[in-house]
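What follows is a single structure, written as structure tokens, with notes after it.
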Amino acid sequence: MRTDAPKLAVVVEHRSPVKIRPSSFHPRDAAVVGGAAAASLALTWLLYSQILPFHGLPGFLLMWAAFDFLIYYVAVRETQGRVVARDRTMAAIITVVSIAIVIPLVLILGYVTLKGLRFLRLAFFTTTMASVGPESPTTQTGGLGAIVGTLEQVAIAMVISVPLGVLTAIYLNEVKGRLVRPTRIFVDAMSGVPSIVAGLFIYTVIVANGHGFSGFAAALALSILMLPTVTRTCEVVLRLVPDGLREASLAMGAPEWRTTWGVILPTARTGIITAMILGVARVVGETAPLIMTAFGSATLNLNPFSGPQAALSLSSFQLFGSSQTADVQRAWVFAFVLLSIVLILFVAARLQGERRRR
Amino acid sequence: MVRTEDRLDAALGDAHAPATLDAEDVHAWFGDHHVLGDITLSMPANSITSLIGPSGCGKSTFLRILNRMHELVPDASLAGSIALNGIDIYGPNVRATDVRRRIGMVFQKPNPFPAMTVAGNVLSGLKLCGMKTDDPDAVVERCLHRAGLWNELKNRLDRPGGALSGGQQQRLCIARSLAVEPQVLLMDEPCSALDPTSTRRIEDTMRELVDTVTIVIVTHNMQQAQRISDRCAFFNVDEGQPGGIVEIDTTERIFTDPSDPRTADYVHGRFG
Amino acid sequence: MPTTEERPQAARPATRREIVVVRTRPDRIFRRLAASAGALTLVILFLIGLFLCVKGLPAIKDQGWAFFTTQVWNPPPRGNEFGIAALMWWTIVVALIALVIAVPISIAAALFVTEFAPRRMRRPLTSLIDLLAAVPSLIYGMWGAAYLRPRMVGLSAWLGKYLGFLPIFKPTTAFPIYGPSAFVAGVVVSLMVVPIVTSVVREVFSQVPPGEKEGAFALGGTRWGMVRAVVLPFGRGGIVGGSMLGLGRALGETIAILLIVSPLFQIRLNIIEAGAIPVAPLIANNFGESSGIALSALLAAGFVLFVVTLLVNVGASTVIARSRSGSGVEI
Chain A
0 MRTDAPKLAV VVEHRSPVKI RPSSFHPRDA AVVGGAAAAS LALTWLLYSQ
50 ILPFHGLPGF LLMWAAFDFL IYYVAVRETQ GRVVARDRTM AAIITVVSIA
100 IVIPLVLILG YVTLKGLRFL RLAFFTTTMA SVGPESPTTQ TGGLGAIVGT
150 LEQVAIAMVI SVPLGVLTAI YLNEVKGRLV RPTRIFVDAM SGVPSIVAGL
200 FIYTVIVANG HGFSGFAAAL ALSILMLPTV TRTCEVVLRL VPDGLREASL
250 AMGAPEWRTT WGVILPTART GIITAMILGV ARVVGETAPL IMTAFGSATL
300 NLNPFSGPQA ALSLSSFQLF GSSQTADVQR AWVFAFVLLS IVLILFVAAR
350 LQGERRRR
Chain B
0 MVRTEDRLDA ALGDAHAPAT LDAEDVHAWF GDHHVLGDIT LSMPANSITS
50 LIGPSGCGKS TFLRILNRMH ELVPDASLAG SIALNGIDIY GPNVRATDVR
100 RRIGMVFQKP NPFPAMTVAG NVLSGLKLCG MKTDDPDAVV ERCLHRAGLW
150 NELKNRLDRP GGALSGGQQQ RLCIARSLAV EPQVLLMDEP CSALDPTSTR
200 RIEDTMRELV DTVTIVIVTH NMQQAQRISD RCAFFNVDEG QPGGIVEIDT
250 TERIFTDPSD PRTADYVHGR FG
Chain C
0 MPTTEERPQA ARPATRREIV VVRTRPDRIF RRLAASAGAL TLVILFLIGL
50 FLCVKGLPAI KDQGWAFFTT QVWNPPPRGN EFGIAALMWW TIVVALIALV
100 IAVPISIAAA LFVTEFAPRR MRRPLTSLID LLAAVPSLIY GMWGAAYLRP
150 RMVGLSAWLG KYLGFLPIFK PTTAFPIYGP SAFVAGVVVS LMVVPIVTSV
200 VREVFSQVPP GEKEGAFALG GTRWGMVRAV VLPFGRGGIV GGSMLGLGRA
250 LGETIAILLI VSPLFQIRLN IIEAGAIPVA PLIANNFGES SGIALSALLA
300 AGFVLFVVTL LVNVGASTVI ARSRSGSGVE I
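Protein chains in written order, with numbering that gives the first Met the number 0: chain A, 0 to 357; chain B, 0 to 271; chain C, 0 to 330.
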């Protein structure tokens with residue numbers, strides 16, 4: 000049987016074909032979802048208010064969700080069979096659980112903002128806790144010492160760990176010596192060191208050895224915590240630099256160090272900045288190691304190398320543990336400022352990451 | 000031997016009837032890119048239809064439209080209708096999972112499930128479709144027989160599905176597809192990654208299967224198309240145009256006396 | 000003209016030439032520098048272990064093996080008996096509670112992001128989950144103590160009343176106190192663990208070979224069916240490794256737990272009643288007032304914690320790297 004002859008260019012109203020995008024979700028399915036939600040809501044309300052001795056929103060939501068999944072499963076199973084019921088119900092559970100993760104985040108951010116913003120004043124940034132006495136109003140909080148402390152400690156930690164981290168990443172990715180695999184294992188191991196252990200270590204080596212508490216000791220402890228983050232991120236970044244660039248440079252006769260310094264690192268620059276931001280975000284909120292290295296202080300200590308120093312996280316923690324309610328409320332101010340800094344760093348890191356993608 | 004929740008499947012008609020596939024005015028897009036245009040093709044029951052033509056003209060895309068795999072790609076859309084024994088598989092009451100059970104597919108790169116044994120692989124389709132059987136061992140034996148693997152593997156049914164040679168893996172995939180008792184089997188260049196011996200074995204399998212299953216195969220191997228298929232559809236694409244069918248005919252006529260010069264050029268190796 | 004006949008040569012094996020790399024001086028310095036940086040990591044780890052062990056030894060010597068079996072914590076000057084039994088118990092209990100809550104949630108979140116979510120939702124949700132990791136643990140602790148803990152008293156009481164037949168909920172006194180418990184601490188720590196486990200598992204799930212997924216769909220499988228048949232088996236190593244990483248994090252968490260629990264130097268099965276004291280919070284709490292043997296005891300406890308978390312973390316990396324799914328994963 001022959002095919003039709005190729006279609007002639009007849010002047011016919013050529014209807015453009017109607018696109019369809021088949022979907023597995025039909026209006027009838029939406030009705031089932033809505034019906035199950037409504038039914039479970041009614042059931043939960045009934046039980047909650049009339050029969051069971053519970054109260055409180057979280058319990059209500061949980062029970063509503065549980066009944067919703069159950070009713071939905073049974074409804075779909077009766078109309079479409081067990082396989083589809085399982086698929087739809089699991090999809091619903093997974094969706095609800097994943098979106099519910101956002102709830103604690105919102106709660107925390109909201110709560111800290113509410114409690115912290117309330118007593119935050121401009122003087123926070125210009126005075127220290129030394130000017131705050133037991134009779135001072137709650138609105139009077141002095142964060143200057145803590146801010147200076149955090150800034151200096153993190154800055155010193157960066158100066159130590161960023162070059163080290165970049166160098167280690169270079170070793171892992173460019174030099175590729177014999178000890179690459181063990182080194183990578185050690186970097187991973189180091190990222191798991193609990194922050195308090197890092198603090199203890201620096202305490203025994205530096206503080207207890209006659210040097211006393213200082214911001215520098217805190218910075219050392221922070222760099223132990225920062226180093227693995229910086230190293231790992233830099234390693235990923237270096238790996239993303241195309242081999243072609245390396246080969247082009249080497250083929251021109253450039254030595255390895257010049258290739259790395261002149262070609263690889265500049266190419267990876269935005270990624271390295273991201274690594275730095277991530278490293279800082281990692282350590283800026285650390286409290287435990289600071290307890291035994293910086294120790295905390297009510298006065299302004301500009302010298303990180305001698306004498307105890309305050310920090311945002313440390314001051315917040317110490318004030319929170321005070322028996323005076325005013326101090327506890329002040330702790331939230333410190334916490335709010337700290338959280339804001341972390342959020343800014345987080346967003347900055349994301350934006351850097353985006354820039355790199357372009 | 001295997002049961003399914005038949006009342007739900009009823010929208011597609013008798014699950015054991017010989018199946019004819021009819022494509023009418025089928026178009027395909029990826030986003031706004033129009034990749035297939037105006038495909039009208041009839042694939043008769045219990046026959047082997049092969050889709051031939053140069054790379055990139057949409058044969059695989061068309062195949063994937065036949066078992067509703069095309070819509071799994073984000074931004075993909077289509078137009079036209081595909082009828083299984085007269086029932087549009089894209090109809091509003093038809094579920095894609097039911098269509099894929101009735102219209103199976105074997106892929107270019109064998110893809111057995113490595114985490115399951117050989118027997119587990121064969122039965123995996125039943126589990127995925129919610130089909131029950133009283134005698135799983137019998138199902139495994141029957142399907143491996145039909146795929147020509149029983150003698151080789153009957154003592155190795157608990158080996159992992161990934162630990163087989165390429166040809167064996169592909170035949171295992173065929174056995175796996177057969178377990179759900181499809182009416183149509185689509186094959187997307189099933190032998191292109193295999194050696195000639197395995198290829199021939201699979202072609203023998205296809206000849207035996209066609210008594211119970213309608214087969215549609217995409218192939219670049221024209222000798223293969225000549226050997227096994229009853230009808231051929233020659234696809235082609237011009238630059239900037241969506242792919243389309245140039246000619247459809249019995250295999251004999253396509254290869255000995257094609258009516259379109261482009262077909263003649265292709266089957267005589269002058270391009271593609 | 001006759002061509003010269005080639006004398007058949009005895010087959011000589013091709014000898015490989017050794018390639019000698021001669022580097023310039025700056026390059027050698029460069030390589031040494033990079034290598035030292037890499038070695039520094041090992042040196043620091045080693046030193047940490049060394050110092051903690053050495054400084055902690057006096058306390059262990061003081062108590063002998065009882066250091067590992069004694070539950071009370073009464074070092075000089077208050078007493079003369081102290082051990083890490085209760086400490087290790089509560090460390091593990093809080094970490095386990097956190098994992099039991101976090102791992103299923105993380106798997107669900109990872110599945111959602113890779114398989115179920117509309118494309119547009121993926122990056123925002125991933126960022127939100129990562130944001131959970133950025134919040135400092137101090138903030139978790141303060142929020143947990145001020146907001147969550149009072150609100151969980153009701154739930155704890157309910158569990159004690161209606162599910163009290165389970166040993167972990169069974170009341171141990173006539174008027175139990177709820178609030179500063181391992182349960183609440185575990186819930187808060189789980190929030191910190193979720194992003195860690197999710198990140199690893201998500202990365203692993205995204206590497207499932209598409210061919211296998213297609214195979215499952217082509218057989219008529221639904222999305223959940225495909226996940227069970229293909230994604231979950233493939234991701235098993237990543238799930239285990241990610242959970243171990245989360246475990247390591249939970250074992251070492253200090254400040255958040257410190258702010259929530261009240262110490263109880265006793266091994267007890269009930270987790271909802273007040274009282275729990277893992278190692279790290281104890282060290283942070285007692286540090287200021289300890290010296291001599293008491294300080295040495297804290298250091299010894301810190302050493303044990305260091306070793307345990309080290310093993311867990313290295314184990315996690317190995318499991319992930321060795322699994323079928325993990326060879327390409329960055330953790």
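The C-beta atom is built at its ideal place from N, Cα and C for all residues, glycine as well. All figures in this text were calculated on a predicted structure; none of them were measured in a lab.
Query                                                                                                                                                                                    : Result
Does the beta carbon of Phe182/C sit closer than 8 Å to a beta carbon anywhere in chain A?                                                                                               : no
So, at 6 Å on beta carbons, what are the nonlocal neighbours of Glu151/A in its own chain, with the 5 sequence-adjacent residues on each side left out?                                  : Gly214, Pro303
Find the residues of chain A that neighbour Arg11/C, judging by a C-beta separation of less than 8 Å, and give them in chain order.                                                      : The premise fails here: Arg11/C is roughly 33 Å from chain A at the closest Cβ pair, so nothing lies under 8 Å.
Start and end of the alpha helix (DSSP H) containing Leu40/B?                                                                                                                            : Taken as a continuous stretch (DSSP letters only), Leu40/B belongs to no alpha helix (DSSP H), being part of the beta strand (DSSP E) at 32 to 42.
Please name the residue in Ala118/B, Leu83/B, Asp74/B whose C-alpha comes closest to that of Val139/B.                                                                                   : Ala118/B
Taking 8 Å as the threshold, find out whether the region 331 to 338 of chain A comes into contact with the region 113 to 120 of chain C through three or more Cβ pairs.                  : no
Contact between the region 171 to 190 of chain B and the region 54 to 66 of chain B is defined here as three or more beta-carbon pairs at a separation below 8 Å; is this criterion met? : yes
Going by DSSP, what residue range makes up the beta strand (DSSP E) through Asn235/B?                                                                                                    : 230 to 235
Taking just the CA atoms, how far does Leu130/C sit from Ala315/C?                                                                                                                       : 23 Å
Following the continuous alpha helix (DSSP H) through Ala228/A, name the residue where it begins and the one where it ends.                                                              : Note on residue identity: the sequence assigns Thr, not Ala, to residue 228/A. Where Thr228/A is concerned, the enclosing alpha helix (DSSP H) stretches over 214 to 239.
Would you say the beta carbon of Ser176/B is closer than 7 Å to some non-hydrogen atom of the ligand ZN?                                                                                 : Absent from the structure shown: the ligand ZN. Ligands present: none.
Can you check whether the C-beta of Val229/C is within less than 8 Å of a C-beta belonging to chain B?                                                                                   : yes
Where does Lys175/A fall in DSSP's three states?                                                                                                                                         : coil
Rounded to whole angstroms, what is the Cα-Cα separation between Val152/C and Leu162/C?                                                                                                  : 15 Å
Report the residues of the region 243 to 260 of chain C with a CB closer than 9 Å to any CB of chain A, ordered along the chain.                                                         : Leu244, Gly247, Arg248, Leu250, Gly251, Glu252, Thr253, Ile254, Leu257, Leu258
Answer yes or no: does any C-beta atom of chain B fall closer than 8 Å to that of Pro227/A?                                                                                              : no
For a cutoff of 8 Å on Cβ pairs, would you count Leu11/B as touching chain A?                                                                                                            : no
Using CA coordinates, which residue listed in Leu86/C, Val311/C, Asn269/C is at the minimum distance from Phe168/C?                                                                      : Asn269/C
For Thr2/A, decide whether its Cβ has a neighbour in chain B, counting only Cβ atoms nearer than 8 Å.                                                                                    : Its pLDDT being 47, under 50, Thr2/A is placed unreliably in this model, and the coordinates cannot settle the point.
How about Val260/C and Ser136/C: do their beta carbons lie closer than 8 Å?                                                                                                              : no
Ends of the beta strand (DSSP E) at Thr213/B?                                                                                                                                            : 213 to 217
For the region 108 to 136 of chain B, which residues have a beta carbon sitting closer than 7 Å to at least one beta carbon of chain C?                                                  : Lys108, Asn110, Phe112, Ala114, Ser123, Gly124, Leu127, Cys128
Does the distance from the C-beta atom of Pro111/B to that of Leu122/B stay below 8 Å?                                                                                                   : no
With respect to the alpha helix (DSSP H) encompassing Trp63/A, which residues constitute its N-terminal and C-terminal limits?                                                           : 56 to 79
Taking only beta-carbon positions, decide if Met141/C is within less than 8 Å of chain A.                                                                                                : yes
For the region 186 to 202 of chain A, enumerate the residues whose C-beta is nearer than 9 Å to any C-beta of chain C, in chain order.                                                   : Val186, Asp187, Ala188, Met189, Ser190, Gly191, Val192, Pro193, Ser194, Ile195, Val196, Ala197, Gly198, Leu199, Phe200, Tyr202
Taking the Cβ atom as the reference point for each residue, do Thr298/A and Gly144/A lie within a distance shorter than 8 Å?                                                             : yes
Can you give me the C-alpha to C-alpha distance between Glu246/B and Met42/B, rounded to a whole angstrom?                                                                               : 14 Å
Name, please, each residue of chain B whose Cβ falls closer than 7 Å to the Cβ of Ala217/C.                                                                                              : Asn66, Met68, Arg99, Gly103, Met104
Reducing DSSP to helix, strand and coil, say where Val266/B ends up.                                                                                                                     : helix
Enumerate, from N- to C-terminal direction, the unbroken alpha helix (DSSP H) stretches of 4 or more residues contained entirely within the region 106 to 193 of chain C.                : 118 to 133, 136 to 142, 148 to 161
For chain B, is any of its Cβ atoms less than 8 Å away from the one on Arg20/A?                                                                                                          : yes
Name the DSSP beta bridge partners of Lys153/B, please?                                                                                                                                  : Beta-bridge pairing links Lys153/B to no other residue.
Could one say the Cβ of Pro103/A lies closer than 8 Å to chain C's Cβ atoms, at least one of them?                                                                                       : yes
For Ala156/A, which residues from the same chain have a beta carbon less than 7 Å from its beta carbon, with the 5 sequence-adjacent residues on both sides left out?                    : Ala218, Leu221, Ser222, Met225, Val282
Does the pairing of the region 58 to 77 of chain A with the region 91 to 103 of chain A give three or more beta-carbon distances under 8 Å?                                              : yes
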